[in-house]
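Contents: one structure, followed by commentary.
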Amino acid sequence: MKWIAAAAFGMEGLTGKDLKRLGAENVQVMNVGGATFEGPMEMAMKANLWLRTCDRISLVVGEFEARSFEELFESVKAIDWADYMNHDSAFPVRAHCVKSTLMSPSDCQKIVKKAIVENLKAEYGGDWLPETGSVVQVDVNIRDDKVTVSLDASGEPLSKRGYRTWNGEAPLRETLAAALILTSGWHPWQPLYDPCCGTGTLLIEAAFIALNRAPGLRRAFAMEDWPIADQKALDAVRREAQARYDECAVRKITIAGSDIDPEAIELATRHIRQAGLAGRIELVVKDMREVTLKGEPGCIVANPPYGERIGDRRVAHAVAKQLGELSKRCPGWNVYAFSADMGFEREYGKRATRRRRFYNGKIECEYHMFENTNANPQRNNAKKPQGSRGGK
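So the sequence shown is numbered by numbering that gives the first Met the number 0: it starts at 0 and just counts up by one.
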């Protein structure tokens, strides 16, 4: 079975690495959009559970060329739709057309819908389909007259981990937060601190990584309702993920954060509790100018305000300057700051040793990494906890 792991720009490589770590076959990282892989339903279930930077898993059910609506209709009708849909399944259709003879998404949606209806009516009998059951989302992508028909195996986007039910100002998407943690030089045995933690997303994603917690462990996926799904096999995959978390849940972690806004800290506390991490992450209301970190050096990871999302560029510049001053008060600590502010490094007072480009929604951002190249703590050459990032 061929699957698509959709990922935002800049996260394709991270998604591909995690797929290989999970044991997926024939992993192919795309230039834009994510990665493809092969494997049975159980592998797709693992991908849904474990991929930290992926937006969605989809099953490819048809690939063919079509330059006319008749070709599109007949090819879609030939797919064994009863494998994926019950008699009462609802099946909305989304279409996307690029540089093709068929360039009307709405017309393509209608043709594909009609073809599926005719197929299911022949399979189940009757003159109509109620569409009152579980939803099976059908996606049709037509590019250069090549058609890919796929089914959404995730349901809700994979960024919906289930712990964030309250949002503060300019929230960071969970998948992006995980990408920032994974791209940094932080190791789970090191301290991690976020001095402008907002509602706590970076801290929670870091704790999930450190404790080998599958980000999708507490949610359901659309593929579990498909007729071809072996529920016992999928349940076994979930139990394995739970066992990995149970084994690592006792690990000591040093993850903490602060924010000048009491309401943000209140929301972060709620999210940490919702994530099942109460008591594992330390939070405090504090102005960044008053933060001083002691003990073993670690990593400061932050998503400071950068004007475009908050609307005040002067505040963003001030925070960037405060981060630079914080780094001076904390010798030995590496700093990782995510910002769309083109003047960030100037205000910080130093050029980054590494940079990585990501998008926060539609906003192009730089991940500035200020690392102490001569001070890379190894804790007596201790190894990173196995499977902390991908579950294998």
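Note that beta-carbon positions come from the ideal geometry of N, C-alpha and C, so glycine has one too.
Three-state class that DSSP yields for residue i in the structure shown
i, result
"residue 376", "Caution applies to residue 376, whose pLDDT of 48 falls short of 50 and renders its modelled position unreliable; the value that the coordinates give is listed next. It is coil, neither helix nor strand."
"residue 195", "coil"
"residue 72", "helix"
"residue 309", "Legend: pLDDT at residue 309 = 49, less than 50; position of this residue unreliable, value from coordinates given subsequently. Looking at residue 309 - three-state DSSP - the assignment turns out to be coil, as it is neither helix nor strand."
"residue 7", "coil"
"residue 322", "helix"
"residue 1", "strand"
"residue 126", "coil"
"residue 151", "strand"
"residue 269", "helix"
"residue 227", "coil"
"residue 255", "strand"
"residue 18", "helix"
"residue 314", "helix"
Alpha-carbon spacing of residue i relative to residue j, whole angstroms
i, j, result
"residue 187", "residue 338", "24 Å"
"residue 100", "residue 66", "6 Å"
"residue 199", "residue 276", "11 Å"
"residue 201", "residue 153", "23 Å"
"residue 324", "residue 290", "10 Å"
"residue 19", "residue 314", "42 Å"
"residue 371", "residue 140", "46 Å"
"residue 177", "residue 205", "7 Å"
"residue 308", "residue 263", "A caution first: residue 308 carries a pLDDT of 49, below 50, which makes its placement in the model too unreliable to give a value."
"residue 330", "residue 196", "21 Å"
"residue 55", "residue 312", "34 Å"
"residue 3", "residue 292", "43 Å"
"residue 239", "residue 225", "21 Å"
"residue 102", "residue 96", "5 Å"
First through last residue of the alpha helix (DSSP H) which encompasses residue i
i, result
"residue 105", "104 to 123"
"residue 135", "Unbroken run through residue 135: none, as it is neither H nor E."
"residue 368", "Looking at the DSSP string, residue 368 is not in any alpha helix (DSSP H); the run it does join, the beta strand (DSSP E), is 362 to 369."
"residue 220", "Counting along the chain, residue 220 falls outside any alpha helix (DSSP H), and DSSP gives it neither H nor E."
"residue 47", "40 to 49"
"residue 245", "230 to 247"
"residue 347", "343 to 347"
"residue 203", "200 to 209"
"residue 177", "173 to 182"
Proximity test, Cβ basis, 8 Å: residue i and chain B
i, result
"residue 131", "No chain B appears in the structure shown, which is made up of a single protein chain."
Residue i, enclosing beta strand (DSSP E) - first and last residue
i, result
"residue 396", "The structure shown does not extend to residue 396, since the chain is modelled only from 0 through 391, so no value can be given for it."
"residue 27", "24 to 28"
"residue 164", "Segment: none, residue 164 is in no beta strand (DSSP E) and carries neither H nor E."
"residue 37", "33 to 37"
"residue 280", "280 to 284"
"residue 85", "Looking at the DSSP string, residue 85 is not in any beta strand (DSSP E), and its letter there is neither H nor E."
"residue 58", "55 to 64"
Best match in the options for proximity to residue i [C-alpha to C-alpha]
i, options, result
"residue 34", "23, 40, 44", "23"
"residue 351", "133, 342, 358", "342"
"residue 92", "138, 62, 294, 260", "138"
"residue 189", "220, 319, 296", "296"
"residue 254", "150, 0, 301, 221", "301"
"residue 260", "284, 32, 269, 279", "284"
"residue 207", "15, 27, 48, 328", "48"
"residue 147", "345, 155, 1", "1"
"residue 270", "165, 84, 95, 327", "165"
"residue 125", "158, 36, 26, 87", "87"
Beta-carbon spacing of residue i, residue j below 8 Å
i, j, result
"residue 181", "residue 13", "yes"
"residue 227", "residue 274", "no"
"residue 77", "residue 119", "no"
"residue 340", "residue 317", "no"
"residue 69", "residue 145", "no"
"residue 335", "residue 366", "yes"
"residue 235", "residue 40", "no"
"residue 83", "residue 150", "yes"
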